[in-house]
Amino acid sequence: MKIVVAPDGPLDVDGTLARYHLWGEDPANRLVGPVFRRVLRLGDRLVPYEVRWRGPVDDARLEIGVPGARAARVADAVTAEVRRIFGLDFDLPGFYRAAKGDGVLAPLVPHLYGLRPTLAATGLEMLVGAITAQQVNLSFAFACRARLVRRYGTPLAAAGDAVHAFPQASVLARARVREYRALKFSRRKAEYIRGVAAAAASGALDFGALASAPNAAVIERLTALRGLGRWSADWFLARYLGRGDVCPAGDLGVRKAFDHYYGRGRALSERAIRRRAAAWGPYQNIAVHYLLAGMRLRRPASGGGT
0 MKIVVAPDGP
10 LDVDGTLARY
20 HLWGEDPANR
30 LVGPVFRRVL
40 RLGDRLVPYE
50 VRWRGPVDDA
60 RLEIGVPGAR
70 AARVADAVTA
80 EVRRIFGLDF
90 DLPGFYRAAK
100 GDGVLAPLVP
110 HLYGLRPTLA
120 ATGLEMLVGA
130 ITAQQVNLSF
140 AFACRARLVR
150 RYGTPLAAAG
160 DAVHAFPQAS
170 VLARARVREY
180 RALKFSRRKA
190 EYIRGVAAAA
200 ASGALDFGAL
210 ASAPNAAVIE
220 RLTALRGLGR
230 WSADWFLARY
240 LGRGDVCPAG
250 DLGVRKAFDH
260 YYGRGRALSE
270 RAIRRRAAAW
280 GPYQNIAVHY
290 LLAGMRLRRP
300 ASGGGT
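If you read the sequence shown in the numbering used here, its first letter stands for residue 0, the second for the next number, and so on.
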């Protein structure tokens with residue numbers, strides 16, 4: 000089965016998918032040259048697929064290949080997941096119009112044109128990634144996560160490559176703490192992942208219900224779970240639910256970006272960051288990703304202030 004998807008607005012695939020190679024490999028989201036591979040879990044069925052891209056940033060097309068699949072249900076599910084991963088539902092044209100009035104974002108946009116925030120395919124995958132990244136550098140976090148995916152995920156062959164389905168919640172909940180420790184997780188993180196996975200497996204943590212809940216209710220539900228604080232909840236809102244009006248102001252990288260671009264090197268409080276971000280309204284999420292990408296590119300601060 001072949002599916003062609005066109006974004007509404009520009010798409011820079013290399014910039015959008017950069018997180019899948021900047022800090023290490025991701026066995027569940029394989030980016031090999033001009034091909035992205037993943038395995039969709041559809042009920043009890045594993046559906047491998049690959050995505051290739053064609054055309055310039057302003058006329059990009061995603062070509063999805065799903066070997067052996069014919070059912071419309073499969074096509075719809077794969078397309079929906081690809082739209083999430085490539086950030087196709089973000090209003091990039093609207094953000095660019097809003098950014099014209101911002102002394103920091105306006106000069107950043109030409110260097111990052113077509114960059115879209117990428118969303119985690121599943122809520123469990125997002126939370127496991129968030130726990131893994133707590134208080135460690137991203138390279139170490141990606142290495143730990145890769146070991147977990149290889150140990151507990153299901154490997155499938157695809158065009159001579161191996162891609163793993165992300166582990167099921169029930170599998171992660173049953174794994175012993177000592178097994179996580181062998182993968183270089185701390186004891187606490189092992190317990191946190193097992194707890195979140197158990198809640199997801201039992202239905203006590205309902206990702207479908209969270210998708211329709213307001214931000215405050217999502218934060219309240221997630222922070223009631225051991226190991227999840229406001230930082231994790233904010234990133235869940237931003238990178239799983241794709242909420243536009245979210246700024247993970249407690250994140251160290253986000254704080255450094257705001258200090259650099261809006262504080263003139265002066266440390267801003269979390270409250271000040273949230274207040275500044277609120278001015279972007281429904282484009283806060285995209286703006287934060289552009290500031291983080293600007294820091295990676297070492298783009299200088301050229302305006303803004305507090």
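Cβ atoms here follow ideal geometry from the backbone N, Cα and C, with glycine treated the same way.
- Counting of Cβ neighbours within 10 angstroms places Asn136 among the exposed residues, the total staying below 16.
- According to DSSP, residue pairing for Arg51 in a beta bridge involves Val34 and Glu62.
- When the beta-carbon positions are compared, Ile63 and Val4 come within less than 8 Å of each other.
- With 16 or more other Cβ atoms inside 10 Å of its own Cβ, Gln283 counts as buried.
- Within the model, the alpha-carbon separation for Tyr260 versus Asp244 is close to 20 Å.
- CA-to-CA, the gap between Ser201 and Arg220 works out to about 15 Å.
- Under DSSP, Ala156 shares a beta bridge with Ala161.
- From the listed residues Ala27, Met294 and Phe85, the smallest Cα separation to Arg254 is found for Met294.
- Bounds of any beta strand (DSSP E) do not take in Val56, whose DSSP letter is neither H nor E.
- Distances from the alpha-carbon of Cys143 to those of Pro154, Gly54, Gly128 and Asp57 put Gly128 closest.
- For Arg44, the secondary structure class from DSSP, reduced to helix, strand or coil, is strand.
- Bounds of the beta strand (DSSP E) holding Lys1 are Lys1 to Val4.
- Note on Lys99: under 16 other CB atoms within 10 angstroms of its CB, so exposed under the neighbour-count rule.
- Assignment of Arg265 by DSSP, reduced to helix, strand and coil, places it in the coil class.
- Contact between Ala168 and Ala196 holds, since their C-beta atoms are separated by about 5 Å, short of 8 Å.
- Per DSSP, Asn214 is one residue of the alpha helix (DSSP H) stretching across Asn214 to Thr222.
- Here Pro116 is buried: its Cβ has 16 or more other Cβ atoms, across all protein chains shown, within 10 Å.
- Leu39 is bridged by DSSP to Val46.
- In this structure, DSSP gives Arg297 a state outside helix and strand, which the three-state scheme calls coil.
- Within the DSSP bridge table, the entry for Arg29 names Arg36 as partners.
- Note that the C-beta distance between Leu30 and Tyr48 is not below 8 Å.
- In the displayed model, Leu10 falls within coil according to three-state DSSP, outside both helix and strand.
- By the Cβ-count criterion, Leu204 is buried, with 16 or more other Cβ atoms from all chains shown falling within 10 Å of its own Cβ.
- Here DSSP, grouped into helix, strand and coil, assigns Glu24 to coil.
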